[in-house]
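Numbering (my numbering), first residue to last: 31 to 426.
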Amino acid sequence: HTMGPTVSMPELNVLAEFGIVFLLFTVGLNFSLPQLNALRGQILGLGTGQVVFTTCVVGGIAWLAGLPGAAAFVMGAVFAQSSTTIIASLLTEQGEDNSQHGRLGLAMSVFQDVTAVPFLVIIPVLGLSISAYVLAGTLGWALAKAVFACALVFFAGRWLLRPLFHLVAEHRSGEMFTLSVLLVALLAAWTTNSLGLSLAFGGFLVGMMLGETEFRHQVESSIRPFRDVLLGLFFIGIGMRFNPAAIPPIWYWAILGALLILASKTLIVTAMVRKTGVDSVTAWRTGLLLSVGGEFGLALIAIALDSGAIDMQLGQIAITSVLLSMIAGALLIRFNGVIANGLAKKPRSETPAIPVLQDPTQSQVVLGGYGRVGHTVAVLLHSKGVPFIAFDTDPK
31 HTMGPTVSMP ELNVLAEFGI VFLLFTVGLN FSLPQLNALR GQILGLGTGQ VVFTTCVVGG
91 IAWLAGLPGA AAFVMGAVFA QSSTTIIASL LTEQGEDNSQ HGRLGLAMSV FQDVTAVPFL
151 VIIPVLGLSI SAYVLAGTLG WALAKAVFAC ALVFFAGRWL LRPLFHLVAE HRSGEMFTLS
211 VLLVALLAAW TTNSLGLSLA FGGFLVGMML GETEFRHQVE SSIRPFRDVL LGLFFIGIGM
271 RFNPAAIPPI WYWAILGALL ILASKTLIVT AMVRKTGVDS VTAWRTGLLL SVGGEFGLAL
331 IAIALDSGAI DMQLGQIAIT SVLLSMIAGA LLIRFNGVIA NGLAKKPRSE TPAIPVLQDP
391 TQSQVVLGGY GRVGHTVAVL LHSKGVPFIA FDTDPK
(Lines of atoms letter the chains of each structure in order from A; the text may use other names.)
(Lines give C-alpha, C1' and ligand atoms only; values in the text may rest on other atoms or scores of the structure.)
Protein backbone atom coordinates (compact mmCIF):
# COMPACT_ATOMS: atom_id res chain seq x y z
CA HIS A 31 0.00 0.00 0.00
CA THR A 32 3.04 2.33 -0.11
CA MET A 33 5.73 3.26 -2.63
CA GLY A 34 8.47 0.68 -3.15
CA PRO A 35 8.97 -2.89 -4.37
CA THR A 36 5.95 -5.18 -4.31
CA VAL A 37 5.73 -8.77 -3.12
CA SER A 38 3.17 -11.41 -4.08
CA MET A 39 0.77 -11.59 -1.13
CA PRO A 40 -0.56 -15.16 -1.66
CA GLU A 41 2.90 -16.76 -1.54
CA LEU A 42 3.92 -14.65 1.46
CA ASN A 43 0.69 -15.49 3.29
CA VAL A 44 1.36 -19.22 2.88
CA LEU A 45 4.79 -18.86 4.48
CA ALA A 46 3.44 -16.51 7.14
CA GLU A 47 0.75 -19.00 8.11
CA PHE A 48 3.46 -21.47 9.07
CA GLY A 49 4.73 -18.84 11.50
CA ILE A 50 1.40 -19.17 13.32
CA VAL A 51 1.74 -22.98 13.12
CA PHE A 52 5.08 -22.96 14.92
CA LEU A 53 3.91 -20.30 17.38
CA LEU A 54 1.00 -22.54 18.39
CA PHE A 55 3.41 -25.47 18.39
CA THR A 56 5.59 -23.82 21.07
CA VAL A 57 2.49 -22.84 23.07
CA GLY A 58 1.39 -26.47 23.00
CA LEU A 59 4.80 -27.57 24.29
CA ASN A 60 4.17 -25.59 27.47
CA PHE A 61 0.64 -26.92 27.94
CA SER A 62 0.69 -30.70 28.11
CA LEU A 63 -2.42 -32.51 29.34
CA PRO A 64 -1.09 -32.99 32.91
CA GLN A 65 -0.25 -29.28 33.10
CA LEU A 66 -3.72 -28.32 31.87
CA ASN A 67 -5.18 -30.61 34.52
CA ALA A 68 -3.04 -28.96 37.19
CA LEU A 69 -4.30 -25.52 36.07
CA ARG A 70 -7.95 -26.47 36.29
CA GLY A 71 -8.38 -24.35 39.43
CA GLN A 72 -7.81 -20.62 39.70
CA ILE A 73 -5.92 -19.91 36.47
CA LEU A 74 -8.23 -22.11 34.36
CA GLY A 75 -11.31 -20.30 35.67
CA LEU A 76 -9.81 -16.83 35.42
CA GLY A 77 -8.26 -17.36 31.99
CA THR A 78 -11.36 -18.88 30.45
CA GLY A 79 -13.68 -16.40 32.15
CA GLN A 80 -11.68 -13.41 30.94
CA VAL A 81 -11.76 -14.55 27.32
CA VAL A 82 -15.46 -15.47 27.44
CA PHE A 83 -16.58 -12.27 29.17
CA THR A 84 -14.43 -10.00 27.00
CA THR A 85 -15.63 -11.71 23.82
CA CYS A 86 -19.26 -11.38 24.92
CA VAL A 87 -18.96 -7.76 26.11
CA VAL A 88 -17.01 -6.48 23.10
CA GLY A 89 -19.02 -8.61 20.68
CA GLY A 90 -22.26 -7.30 22.20
CA ILE A 91 -21.11 -3.69 21.88
CA ALA A 92 -20.05 -4.29 18.26
CA TRP A 93 -23.39 -5.93 17.47
CA LEU A 94 -25.32 -3.02 19.02
CA ALA A 95 -23.16 -0.68 16.91
CA GLY A 96 -24.55 -2.34 13.79
CA LEU A 97 -22.04 -5.05 12.89
CA PRO A 98 -23.29 -8.46 11.71
CA GLY A 99 -23.22 -11.21 14.31
CA ALA A 100 -20.24 -13.03 12.77
CA ALA A 101 -18.15 -9.86 12.50
CA ALA A 102 -19.10 -8.84 16.06
CA PHE A 103 -17.96 -12.24 17.35
CA VAL A 104 -14.64 -11.90 15.52
CA MET A 105 -14.04 -8.46 17.03
CA GLY A 106 -14.79 -9.81 20.50
CA ALA A 107 -12.38 -12.72 20.00
CA VAL A 108 -9.65 -10.41 18.66
CA PHE A 109 -9.99 -7.87 21.46
CA ALA A 110 -9.90 -10.63 24.13
CA GLN A 111 -6.28 -11.56 23.30
CA SER A 112 -3.23 -10.18 25.14
CA SER A 113 0.43 -10.23 24.15
CA THR A 114 2.34 -12.72 26.28
CA THR A 115 5.58 -11.50 24.67
CA ILE A 116 5.08 -7.86 25.71
CA ILE A 117 3.88 -8.80 29.20
CA ALA A 118 6.74 -11.23 29.87
CA SER A 119 9.49 -8.95 28.53
CA LEU A 120 8.32 -5.86 30.45
CA LEU A 121 7.77 -7.80 33.69
CA THR A 122 11.28 -9.25 33.46
CA GLU A 123 12.78 -5.86 32.65
CA GLN A 124 10.99 -4.27 35.62
CA GLY A 125 11.82 -7.12 38.02
CA GLU A 126 8.13 -7.93 38.56
CA ASP A 127 8.03 -11.36 36.96
CA ASN A 128 8.16 -13.07 40.37
CA SER A 129 5.62 -10.79 42.07
CA GLN A 130 2.06 -11.89 42.79
CA HIS A 131 0.49 -9.79 40.04
CA GLY A 132 3.29 -10.72 37.63
CA ARG A 133 2.90 -14.46 38.10
CA LEU A 134 -0.89 -14.25 38.00
CA GLY A 135 -1.00 -12.00 34.93
CA LEU A 136 1.56 -14.00 32.99
CA ALA A 137 -0.19 -17.30 33.77
CA MET A 138 -3.52 -15.89 32.57
CA SER A 139 -1.89 -14.48 29.44
CA VAL A 140 -0.28 -17.81 28.53
CA PHE A 141 -3.59 -19.59 29.10
CA GLN A 142 -5.23 -17.04 26.78
CA ASP A 143 -3.00 -18.39 24.02
CA VAL A 144 -4.59 -21.81 24.52
CA THR A 145 -8.13 -20.41 24.44
CA ALA A 146 -7.35 -18.88 21.04
CA VAL A 147 -7.28 -22.39 19.56
CA PRO A 148 -11.10 -22.85 19.40
CA PHE A 149 -11.33 -19.56 17.52
CA LEU A 150 -9.10 -21.09 14.82
CA VAL A 151 -11.88 -23.62 14.24
CA ILE A 152 -14.88 -21.30 14.56
CA ILE A 153 -13.85 -18.15 12.65
CA PRO A 154 -13.31 -19.75 9.19
CA VAL A 155 -16.82 -21.25 9.39
CA LEU A 156 -18.32 -17.83 10.17
CA GLY A 157 -17.06 -16.54 6.81
CA LEU A 158 -19.39 -18.87 4.88
CA SER A 159 -22.43 -17.19 3.26
CA ILE A 160 -25.07 -19.65 4.47
CA SER A 161 -28.25 -19.59 6.53
CA ALA A 162 -28.19 -19.71 10.33
CA TYR A 163 -29.47 -23.31 10.34
CA VAL A 164 -26.81 -24.50 7.91
CA LEU A 165 -24.19 -22.43 9.75
CA ALA A 166 -25.03 -24.19 13.02
CA GLY A 167 -24.69 -27.57 11.32
CA THR A 168 -21.42 -26.59 9.66
CA LEU A 169 -20.04 -25.28 12.94
CA GLY A 170 -21.06 -28.48 14.71
CA TRP A 171 -19.37 -30.55 12.00
CA ALA A 172 -16.20 -28.43 12.31
CA LEU A 173 -16.15 -28.97 16.08
CA ALA A 174 -16.69 -32.72 15.56
CA LYS A 175 -13.72 -32.79 13.18
CA ALA A 176 -11.69 -30.89 15.77
CA VAL A 177 -12.51 -33.54 18.38
CA PHE A 178 -11.54 -36.28 15.91
CA ALA A 179 -8.26 -34.49 15.15
CA CYS A 180 -7.55 -34.19 18.88
CA ALA A 181 -8.16 -37.91 19.36
CA LEU A 182 -6.06 -38.83 16.31
CA VAL A 183 -3.08 -36.70 17.34
CA PHE A 184 -3.49 -37.79 20.98
CA PHE A 185 -3.25 -41.51 20.23
CA ALA A 186 -0.52 -41.03 17.63
CA GLY A 187 1.42 -38.90 20.08
CA ARG A 188 1.07 -41.35 22.93
CA TRP A 189 2.09 -44.44 20.93
CA LEU A 190 4.43 -43.10 18.23
CA LEU A 191 6.14 -39.84 19.17
CA ARG A 192 8.13 -40.95 22.20
CA PRO A 193 9.55 -44.11 20.52
CA LEU A 194 10.27 -42.09 17.36
CA PHE A 195 12.25 -39.40 19.17
CA HIS A 196 14.07 -42.00 21.28
CA LEU A 197 15.19 -43.61 18.02
CA VAL A 198 16.25 -40.25 16.56
CA ALA A 199 18.06 -39.20 19.75
CA GLU A 200 20.12 -42.39 19.74
CA HIS A 201 21.87 -41.17 16.58
CA ARG A 202 23.00 -38.03 18.48
CA SER A 203 22.52 -35.90 15.39
CA GLY A 204 21.16 -32.41 16.00
CA GLU A 205 20.26 -32.01 12.33
CA MET A 206 18.26 -35.25 12.29
CA PHE A 207 16.45 -34.24 15.48
CA THR A 208 15.53 -30.82 14.06
CA LEU A 209 14.31 -32.35 10.80
CA SER A 210 12.20 -34.84 12.77
CA VAL A 211 10.58 -32.02 14.74
CA LEU A 212 9.80 -30.12 11.54
CA LEU A 213 8.41 -33.26 9.89
CA VAL A 214 6.12 -34.09 12.82
CA ALA A 215 4.85 -30.50 13.10
CA LEU A 216 4.14 -30.23 9.37
CA LEU A 217 2.46 -33.66 9.26
CA ALA A 218 0.13 -32.66 12.09
CA ALA A 219 -0.66 -29.35 10.36
CA TRP A 220 -1.34 -31.21 7.09
CA THR A 221 -3.64 -33.66 8.91
CA THR A 222 -5.85 -30.96 10.42
CA ASN A 223 -5.83 -29.00 7.16
CA SER A 224 -6.99 -32.14 5.32
CA LEU A 225 -9.93 -32.30 7.74
CA GLY A 226 -10.90 -28.74 6.82
CA LEU A 227 -9.40 -27.22 9.97
CA SER A 228 -6.58 -24.70 10.26
CA LEU A 229 -2.90 -25.58 9.96
CA ALA A 230 -2.18 -23.91 13.30
CA PHE A 231 -4.62 -26.21 15.11
CA GLY A 232 -2.50 -29.24 14.16
CA GLY A 233 0.66 -27.48 15.29
CA PHE A 234 -0.85 -26.84 18.71
CA LEU A 235 -2.04 -30.43 19.14
CA VAL A 236 1.27 -32.07 18.29
CA GLY A 237 3.12 -29.52 20.42
CA MET A 238 0.94 -30.49 23.37
CA MET A 239 1.74 -34.17 22.80
CA LEU A 240 5.49 -33.50 22.59
CA GLY A 241 5.19 -31.43 25.76
CA GLU A 242 4.53 -34.68 27.64
CA THR A 243 7.84 -36.22 26.54
CA GLU A 244 11.30 -35.78 28.03
CA PHE A 245 12.40 -34.09 24.78
CA ARG A 246 10.27 -30.98 25.29
CA HIS A 247 13.12 -28.53 25.98
CA GLN A 248 15.26 -29.80 23.11
CA VAL A 249 12.27 -29.65 20.75
CA GLU A 250 11.58 -26.06 21.76
CA SER A 251 15.19 -24.96 21.21
CA SER A 252 15.29 -26.74 17.83
CA ILE A 253 12.11 -25.14 16.52
CA ARG A 254 12.70 -21.60 17.82
CA PRO A 255 14.80 -20.29 14.87
CA PHE A 256 12.21 -21.45 12.33
CA ARG A 257 9.38 -20.01 14.41
CA ASP A 258 11.08 -16.62 14.74
CA VAL A 259 11.82 -16.33 11.01
CA LEU A 260 8.33 -17.38 9.92
CA LEU A 261 6.70 -15.19 12.57
CA GLY A 262 8.69 -12.31 11.12
CA LEU A 263 7.07 -13.05 7.76
CA PHE A 264 3.68 -13.19 9.49
CA PHE A 265 4.09 -9.70 10.91
CA ILE A 266 5.34 -8.49 7.52
CA GLY A 267 2.14 -9.91 6.04
CA ILE A 268 0.09 -8.05 8.66
CA GLY A 269 1.95 -4.87 7.77
CA MET A 270 1.18 -5.42 4.08
CA ARG A 271 -2.52 -5.59 4.93
CA PHE A 272 -2.21 -2.26 6.75
CA ASN A 273 -3.10 0.62 4.45
CA PRO A 274 -1.98 4.03 5.80
CA ALA A 275 -4.21 5.80 3.26
CA ALA A 276 -7.26 4.15 4.84
CA ILE A 277 -6.52 5.51 8.34
CA PRO A 278 -7.88 9.11 8.07
CA PRO A 279 -11.52 8.05 7.47
CA ILE A 280 -11.44 5.49 10.29
CA TRP A 281 -9.06 7.00 12.84
CA TYR A 282 -11.80 7.74 15.39
CA TRP A 283 -13.12 4.15 15.17
CA ALA A 284 -9.57 2.84 15.59
CA ILE A 285 -9.02 4.97 18.70
CA LEU A 286 -12.38 3.90 20.14
CA GLY A 287 -11.45 0.29 19.44
CA ALA A 288 -8.10 0.66 21.22
CA LEU A 289 -9.79 2.29 24.22
CA LEU A 290 -12.35 -0.52 24.27
CA ILE A 291 -9.56 -3.13 24.33
CA LEU A 292 -7.74 -1.40 27.18
CA ALA A 293 -10.80 -0.57 29.29
CA SER A 294 -12.77 -3.79 28.88
CA LYS A 295 -9.93 -6.15 29.71
CA THR A 296 -8.64 -4.04 32.60
CA LEU A 297 -12.07 -3.85 34.26
CA ILE A 298 -13.05 -7.48 33.58
CA VAL A 299 -9.74 -8.94 34.80
CA THR A 300 -9.65 -6.68 37.85
CA ALA A 301 -13.18 -7.65 38.87
CA MET A 302 -12.53 -11.38 38.36
CA VAL A 303 -9.23 -11.37 40.27
CA ARG A 304 -10.79 -9.31 43.06
CA LYS A 305 -13.55 -11.94 43.39
CA THR A 306 -10.91 -14.56 44.25
CA GLY A 307 -9.95 -12.65 47.39
CA VAL A 308 -6.85 -10.88 46.06
CA ASP A 309 -6.31 -7.33 47.36
CA SER A 310 -7.49 -4.45 45.19
CA VAL A 311 -4.04 -3.12 44.26
CA THR A 312 -2.84 -6.52 43.01
CA ALA A 313 -6.13 -6.99 41.15
CA TRP A 314 -5.75 -3.63 39.39
CA ARG A 315 -2.12 -4.36 38.52
CA THR A 316 -3.11 -7.73 37.04
CA GLY A 317 -5.85 -6.05 35.01
CA LEU A 318 -3.42 -3.46 33.67
CA LEU A 319 -0.99 -6.20 32.62
CA LEU A 320 -3.63 -7.92 30.51
CA SER A 321 -5.00 -4.72 28.96
CA VAL A 322 -2.52 -4.85 26.07
CA GLY A 323 -3.58 -6.19 22.68
CA GLY A 324 -1.98 -9.38 21.41
CA GLU A 325 -0.29 -10.96 18.41
CA PHE A 326 -2.89 -13.73 18.45
CA GLY A 327 -5.49 -11.03 17.84
CA LEU A 328 -3.60 -10.08 14.68
CA ALA A 329 -3.50 -13.75 13.67
CA LEU A 330 -7.28 -14.04 14.13
CA ILE A 331 -7.77 -10.88 12.03
CA ALA A 332 -5.72 -12.42 9.22
CA ILE A 333 -7.79 -15.63 9.37
CA ALA A 334 -11.06 -13.66 9.44
CA LEU A 335 -10.01 -11.58 6.42
CA ASP A 336 -8.98 -14.66 4.43
CA SER A 337 -12.26 -16.45 5.24
CA GLY A 338 -14.44 -13.40 4.57
CA ALA A 339 -15.80 -13.21 8.12
CA ILE A 340 -14.95 -9.48 8.15
CA ASP A 341 -14.42 -7.02 5.30
CA MET A 342 -11.22 -5.10 4.58
CA GLN A 343 -12.39 -1.82 6.16
CA LEU A 344 -13.29 -3.53 9.43
CA GLY A 345 -9.99 -5.39 9.23
CA GLN A 346 -8.14 -2.08 8.95
CA ILE A 347 -9.97 -0.78 12.03
CA ALA A 348 -9.20 -3.96 13.97
CA ILE A 349 -5.51 -4.02 13.01
CA THR A 350 -5.05 -0.34 13.89
CA SER A 351 -6.92 -0.76 17.20
CA VAL A 352 -4.79 -3.73 18.24
CA LEU A 353 -1.54 -1.96 17.30
CA LEU A 354 -2.55 1.18 19.21
CA SER A 355 -3.53 -0.91 22.25
CA MET A 356 -0.15 -2.68 22.16
CA ILE A 357 1.62 0.69 22.28
CA ALA A 358 -0.62 2.18 24.98
CA GLY A 359 -0.80 -1.10 26.91
CA ALA A 360 2.99 -1.23 27.14
CA LEU A 361 2.88 2.16 28.88
CA LEU A 362 0.20 0.94 31.28
CA ILE A 363 2.34 -2.08 32.14
CA ARG A 364 5.38 0.14 32.63
CA PHE A 365 3.57 2.28 35.22
CA ASN A 366 1.14 -0.34 36.53
CA GLY A 367 2.15 0.20 40.16
CA VAL A 368 1.50 3.95 40.18
CA ILE A 369 -1.74 3.63 38.22
CA ALA A 370 -3.04 0.77 40.37
CA ASN A 371 -2.36 2.61 43.61
CA GLY A 372 -4.16 5.65 42.23
CA LEU A 373 -7.18 3.59 41.13
CA ALA A 374 -7.28 1.71 44.45
CA LYS A 375 -6.82 5.04 46.29
CA LYS A 376 -3.94 3.70 48.35
CA PRO A 377 -0.51 5.26 48.83
CA ARG A 378 2.22 3.37 47.05
CA SER A 379 4.20 2.75 50.24
CA GLU A 380 1.36 0.70 51.71
CA THR A 381 1.46 -1.88 48.92
CA PRO A 382 5.04 -2.71 48.00
CA ALA A 383 5.58 -5.25 45.27
CA ILE A 384 6.78 -8.20 47.34
CA PRO A 385 8.23 -10.95 45.18
CA VAL A 386 6.76 -14.38 45.61
CA LEU A 387 9.96 -16.31 46.24
CA GLN A 388 10.22 -19.94 45.27
CA ASP A 389 10.06 -22.45 48.11
CA PRO A 390 13.71 -23.41 48.76
CA THR A 391 12.62 -26.98 49.48
CA GLN A 392 11.43 -27.26 45.86
CA SER A 393 14.63 -25.93 44.23
CA GLN A 394 16.75 -28.32 42.18
CA VAL A 395 20.32 -28.57 40.99
CA VAL A 396 20.53 -28.66 37.20
CA LEU A 397 23.12 -31.02 35.71
CA GLY A 398 24.13 -30.28 32.13
CA GLY A 399 25.17 -33.73 30.94
CA TYR A 400 24.80 -37.12 32.60
CA GLY A 401 27.99 -38.87 31.54
CA ARG A 402 30.67 -40.23 33.88
CA VAL A 403 31.26 -36.93 35.69
CA GLY A 404 27.59 -35.99 35.73
CA HIS A 405 26.66 -39.37 37.18
CA THR A 406 29.28 -39.00 39.93
CA VAL A 407 27.92 -35.58 40.87
CA ALA A 408 24.38 -36.98 40.84
CA VAL A 409 25.38 -39.77 43.24
CA LEU A 410 26.89 -37.23 45.63
CA LEU A 411 23.79 -35.01 45.46
CA HIS A 412 21.52 -37.99 46.05
CA SER A 413 23.55 -39.10 49.07
CA LYS A 414 23.12 -35.63 50.59
CA GLY A 415 19.39 -35.54 49.85
CA VAL A 416 19.71 -32.68 47.35
CA PRO A 417 17.13 -32.89 44.51
CA PHE A 418 18.48 -32.56 40.99
CA ILE A 419 17.46 -32.77 37.35
CA ALA A 420 19.84 -33.86 34.58
CA PHE A 421 19.85 -33.12 30.85
CA ASP A 422 21.71 -35.23 28.31
CA THR A 423 21.60 -35.87 24.57
CA ASP A 424 21.76 -39.65 25.09
CA PRO A 425 18.21 -40.98 25.70
CA LYS A 426 19.64 -44.09 27.40
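Note that the Cβ used here is the ideal one computed from N, Cα and C, for glycine as well. Just so we're clear, the structure is a prediction, and the values are computed from it rather than from any experiment.
Segment contact flag, the stretch 177-184 with the stretch 84-94, C-beta cutoff 8 Å, min 3 pairs = Judged by Cβ distances under 8 Å, the stretch 177-184 makes no contact with the stretch 84-94, as fewer than three pairs qualify.
Give a yes or no on whether the C-beta atoms belonging to V51 and A176 are separated by under 8 Å.
-> One-based indexing of the sequence shown puts residue 51 at position 21. One-based indexing of the sequence shown puts residue 176 at position 146. For the pair V51 and A176, the CB atoms are not nearer than the 8 Å cut-off.
Enumerated in chain order, which unbroken segments of the alpha helix (DSSP H) with a length of 4 residues or greater are wholly contained in the stretch 287-363?
-> Entirely contained in the stretch 287-363, the alpha helix (DSSP H) runs reaching 4 residues are, in chain order, 310-319 and 325-337.
Supposed close pair L191, L240 - CB separation, criterion 8 Å | For the purposes of this step, residue 191 is identified with residue 161 of the sequence shown, where counting begins at 1. For the purposes of this step, residue 240 is identified with residue 210 of the sequence shown, where counting begins at 1. Between L191 and L240 a beta carbon distance of about 6 Å is seen, short of the 8 Å cut, so the two are scored as contacting.
Assuming A20 contacts L150 under a Cβ cut-off of 8 Å, what Cβ separation, rounded to an integer in Å, is found between them?
-> Nothing in the structure corresponds to residue 20, since the chain is present only between 31 and 426.
Which residues bound the beta strand (DSSP E) around G367?
-> Here residue 367 refers to the residue found at position 337 of the sequence shown. Where G367 is concerned, there is no enclosing beta strand (DSSP E), although the alpha helix (DSSP H) around it starts and stops at N366 to A374.
For L53, which residues from the same chain have a beta carbon less than 7 Å from its beta carbon, with the 5 sequence-adjacent residues on both sides left out?
-> As a first step, residue 53 is located in the sequence shown; it is residue number 23 there, counting from the start. Hits under 7 Å: R257 and L261.
Taking C-alpha atoms, which residue in G401, M238 and L212 lies nearest to G187?
-> In the sequence shown, residue 187 corresponds to position 157, counting from 1. The shortest Cα separation from G187 among G401, M238 and L212 belongs to M238.
Report yes if the C-beta distance between F326 and Q111 is below 8 Å; otherwise report no.
-> Here residue 326 corresponds to residue number 296 of the sequence shown, with the count starting at 1. Here residue 111 corresponds to residue number 81 of the sequence shown, with the count starting at 1. A distance below 8 Å separates the beta carbons of F326 and Q111.
At least 3 beta-carbon pairs within less than 8 Å: the stretch 133-141 vs the stretch 344-351 | The stretch 133-141 is not in contact with the stretch 344-351.
Could you name the residues of the same chain whose beta carbon sits closer than 6 Å to that of L335, not counting the 5 residues immediately before and after it, in chain order?
-> By 1-based counting over the sequence shown, the position of residue 335 is 305. Cβ within range, chain order: G345.
Could you spell out where the alpha helix (DSSP H) holding L209 opens and where it closes?
-> Mapped onto the sequence shown, residue 209 falls at position 179. Its alpha helix (DSSP H) spans residues G204 to S224.
Coarse secondary structure for Y97, derived from DSSP in three states | Within the sequence shown, residue 97 is the residue found at index 67, counting from 1. Looking at the sequence provided, one finds Leu at residue 97 rather than Tyr. Here DSSP, grouped into helix, strand and coil, assigns L97 to coil.
Which two residues bound the contiguous beta strand (DSSP E) that contains D110?
-> Mapped onto the sequence shown, residue 110 falls at position 80. As written in the sequence, residue 110 is Ala, which differs from the Asp given in the question. Premise fails: A110 is in no beta strand (DSSP E) and is neither H nor E.
So, P98 versus S337, is the Cβ gap smaller than 8 Å?
-> Working through the sequence shown from its first residue, we reach residue 98 at position 68. Working through the sequence shown from its first residue, we reach residue 337 at position 307. Not closer than 8 Å, so no.
Could you have a look at L227 and say whether DSSP puts it in helix, strand or coil?
-> As a position in the sequence shown, residue 227 is number 197, starting the count at 1. Coil.
Return the chain-ordered list of same chain residues with a C-beta closer than 6 Å to the C-beta of A313, the five sequence neighbours on each side being excluded.
-> On the sequence shown, residue 313 is found 283 positions in, with the first residue counted as 1. Contacts found: T300, V303 and R304.
Are there three or more Cβ pairs, one per stretch, closer than 8 Å when the stretch 74-91 is compared with the stretch 284-300?
-> Here the stretch 74-91 lies against the stretch 284-300, with 3 or more beta-carbon pairs under 8 Å apart.
N- and C-terminal bounds of the alpha helix (DSSP H) containing G135 = Taking the first residue of the sequence shown as 1, we reach residue 135 at position 105. Note, G135: alpha helix (DSSP H), Q130 to L156.
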